[in-house]
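Only one structure is covered here, and it is reproduced in the block below.
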Amino acid sequence: MSNGEVAPNNTIYINNLNEKIKLDELKKTLKSIFQQFGNILEVLAFKTLKHKGQAWVVFEDVSSATNVLRQMQGFPLYDKPMKLQYAKTKSDVIAKADGTFVPREKRKKHDERADRKRREQHQDASQSMGLNAPYSGPYGAAVPLPYLGGVKPVPEAPAPPNKILFFENLPHETTPGQLQIVLSHYHGFKEVRMIDAKPGIAFVEFGDEMQSTVAMQALQGFKMTPQAQNQVLITYAKK
Numbered sequence: 001m002s003n004g005e006v007a008p009n010n011t012i013y014i015n016n017l018n019e020k021i022k023l024d025e026l027k028k029t030l031k032s033i034f035q036q037f038g039n040i041l042e043v044l045a046f047k048t049l050k051h052k053g054q055a056w057v058v059f060e061d062v063s064s065a066t067n068v069l070r071q072m073q074g075f076p077l078y079d080k081p082m083k084l085q086y087a088k089t090k091s092d093v094i095a096k097a098d099g100t101f102v103p104r105e106k107r108k109k110h111d112e113r114a115d116r117k118r119r120e121q122h123q124d125a126s127q128s129m130g131l132n133a134p135y136s137g138p139y140g141a142a143v144p145l146p147y148l149g150g151v152k153p154v155p156e157a158p159a160p161p162n163k164i165l166f167f168e169n170l171p172h173e174t175t176p177g178q179l180q181i182v183l184s185h186y187h188g189f190k191e192v193r194m195i196d197a198k199p200g201i202a203f204v205e206f207g208d209e210m211q212s213t214v215a216m217q218a219l220q221g222f223k224m225t226p227q228a229q230n231q232v233l234i235t236y237a238k239k
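Numbering follows full-length UniProt numbering, in which position 129 of the sequence shown is assigned residue number 129; successive positions increment by one, without gaps.
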């Protein structure tokens with residue numbers, strides 16, 4: 001390794017990010033597209049002028065970070081190609097785990113606010129999960145009112161393979177843009193459609209049945225974020 005090279009480590013440094021994107025949305029999107037490579041411990045991005053257009057993604061292990069560096073270099077995010085490299089300094093969360101952490105007074109208040117915000121977000125996500133039953137009706141149809149009778153409806157047969165997929169168990173805060181980032185990897189992807197009155201579900205259209213099947217097999221059971229309690233369930237949409 002030459003003197004200018006950075007040794008492989010758990011943290012990926014990203015720059016050339018779109019500075020117009022709000023930090024919360026940027027961090028959620030980065031989690032969405034990188035979680036497929038391994039468990040993410042945290043995503044860091046700051047409002048300060050010198051940190052604009054930059055972010056740090058900390059993985060649980062080095063191999064995950066290495067895979068991201070190899071496969072996502074130059075990936076277009078919000079119309080700009082990401083530039084990736086290993087971070088030059090060890091993240092606090094890794095330093096704490098391996099016992100080498102040294103407190104930095106200038107970041108103490110920031111870390112406390114970040115930790116409190118993560119706990120609040122986790123609590124909000126936990127409280128919101130599972131409150132609404134998934135809806136698997138026809139593509140684009142209105143959501144029916146909950147069934148209030150005492151007799152359970154007979155389960156319907158699954159829909160036959162077709163070009164439209166039905167996603168369930170998505171975190172309620174998931175946006176179409178975040179799903180589009182994940183799905184843009186797959187050939188034939190056309191459109192994401194979500195229903196405002198029914199968070200946690202989405203309809204995803206591909207060019208044909210074969211393309212939708214490939215995406216379903218690849219993404220079945222994935223999580224949009226590490227904090228998500230449920231794995232995403234994907235089936236063919238009913239026509």
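Glycine is no exception: its CB is placed at the ideal position from the N, C-alpha and C atoms.
(request) Could I get the ranges of all uninterrupted alpha helix (DSSP H) runs contained in the segment 154-223, with 4 residues as the minimum, in chain order? (result) Within the segment 154-223, the complete alpha helix (DSSP H) runs of at least 4 residues are 176-183, 209-219.
(message) Classify Ser32: buried if its beta carbon has 16 or more other beta carbons within 10 angstroms, exposed otherwise.
(response) Looking up residue 32 in the sequence shown gives position 32. Here Ser32 is buried, its C-beta having at least 16 other C-beta atoms within 10 Å.
(message) What would DSSP say about Phe75, mapped onto helix, strand or coil?
(response) Translated into the one-based positions of the sequence shown, residue 75 becomes position 75. It is coil, neither helix nor strand.
(message) For residue 247 and Gln73, which I take to be in contact (beta-carbon distance under 8 angstroms), what is that distance rounded to the nearest angstrom?
(response) There is simply no residue 247 to check, as the chain begins at 1 and stops at 239 in what is shown.
(message) Could you tell me the alpha carbon to alpha carbon distance between Ala7 and Glu42, rounded to whole angstroms?
(response) Here residue 7 corresponds to residue number 7 of the sequence shown, with the count starting at 1. Here residue 42 corresponds to residue number 42 of the sequence shown, with the count starting at 1. For the pair Ala7 and Glu42, the Cα-to-Cα distance works out to about 20 angstroms.
(message) Counting C-beta neighbours from all protein chains within 10 Å, is the total for Pro171 16 or more, i.e. buried, or is it exposed?
(response) Counting from 1 along the sequence shown, the entry for residue 171 is found at position 171. Buried.
(request) Give the DSSP-derived three-state secondary structure of Ala133 in the structure shown. (result) As a working mapping, residue 133 is identified with position 133 in the sequence shown. Because Ala133 carries a pLDDT of 48, less than 50, the predicted location of this residue cannot be relied on, and the following value inherits that uncertainty. Note: Ala133 maps to coil in three-state DSSP.
(message) Can you look up Phe59 in the DSSP assignment and give me helix, strand or coil?
(response) Within the sequence shown, numbered from 1, the residue matching residue 59 stands at position 59. Look at Phe59 here: in three-state DSSP terms it is strand.
(request) Give the DSSP bridge partners of Pro81, in chain order. (result) Mapped onto the sequence shown, residue 81 falls at position 81. The secondary-structure analysis by DSSP pairs Pro81 across a beta bridge with Pro76.
(request) Tell me whether Ser64 is buried or exposed, calling it buried when 16 or more other Cβ atoms sit within 10 Å of its Cβ. (result) Sequence index remark: in the sequence shown, residue 64 carries index 64 (1-based). Buried, by the Cβ-count rule.
(message) For a test of the three-state rule: what should DSSP assign to Ser43, helix, strand or coil?
(response) By 1-based counting over the sequence shown, the position of residue 43 is 43. Per the sequence shown, residue 43 should be read as Val rather than Ser. Val43: strand per DSSP, three-state reduction.
(message) Applying the 10 Å Cβ sphere with the 16-neighbour rule, what's the burial state of Thr89?
(response) On the sequence shown, residue 89 is found 89 positions in, with the first residue counted as 1. Exposed is the call here.
(request) Please go through the same chain and pick out, in chain order, the residues whose beta-carbon is closer than 6 angstroms to the beta-carbon of Pro199, but skip the five residues on each side of it. (result) Here residue 199 corresponds to residue number 199 of the sequence shown, with the count starting at 1. Result list for Pro199: His172, in chain order.
(message) Mapping the DSSP letters down to three states, classify Asn15 as helix, strand or coil.
(response) Here residue 15 is taken as the residue at index 15 of the sequence shown, counted from 1. Strand, per DSSP.
(message) Tell me which residue opens and which closes the beta strand (DSSP E) that Ile234 is part of.
(response) Here the question's residue 234 lines up with position 234 in the sequence shown. Element bounds for Ile234: 233-236.
(message) At the level of alpha carbons, what is the spacing between Lys22 and Lys28?
(response) Working through the sequence shown from its first residue, we reach residue 22 at position 22. Working through the sequence shown from its first residue, we reach residue 28 at position 28. Roughly 10 angstroms separates the two Cα atoms.
(request) Let me know if Thr174 comes out buried or exposed under the rule of 16 or more other beta-carbons within 10 Å of its beta-carbon. (result) For this step, residue 174 is matched to residue 174 along the sequence shown. So Thr174 ends up on the buried side.
(request) For Ala133, I'd like the list of residues in its chain whose CB is within less than 6 angstroms of its CB, leaving aside the five on either flank, ordered along the chain. (result) Here the question's residue 133 lines up with position 133 in the sequence shown. Any answer about Ala133 is weak, because its pLDDT of 48 lies below 50 and its placement is not dependable; what the coordinates show is given next. The beta carbon of Ala133 sits closer than 6 angstroms to none of the beta carbons in its chain outside the five residues before and after it.
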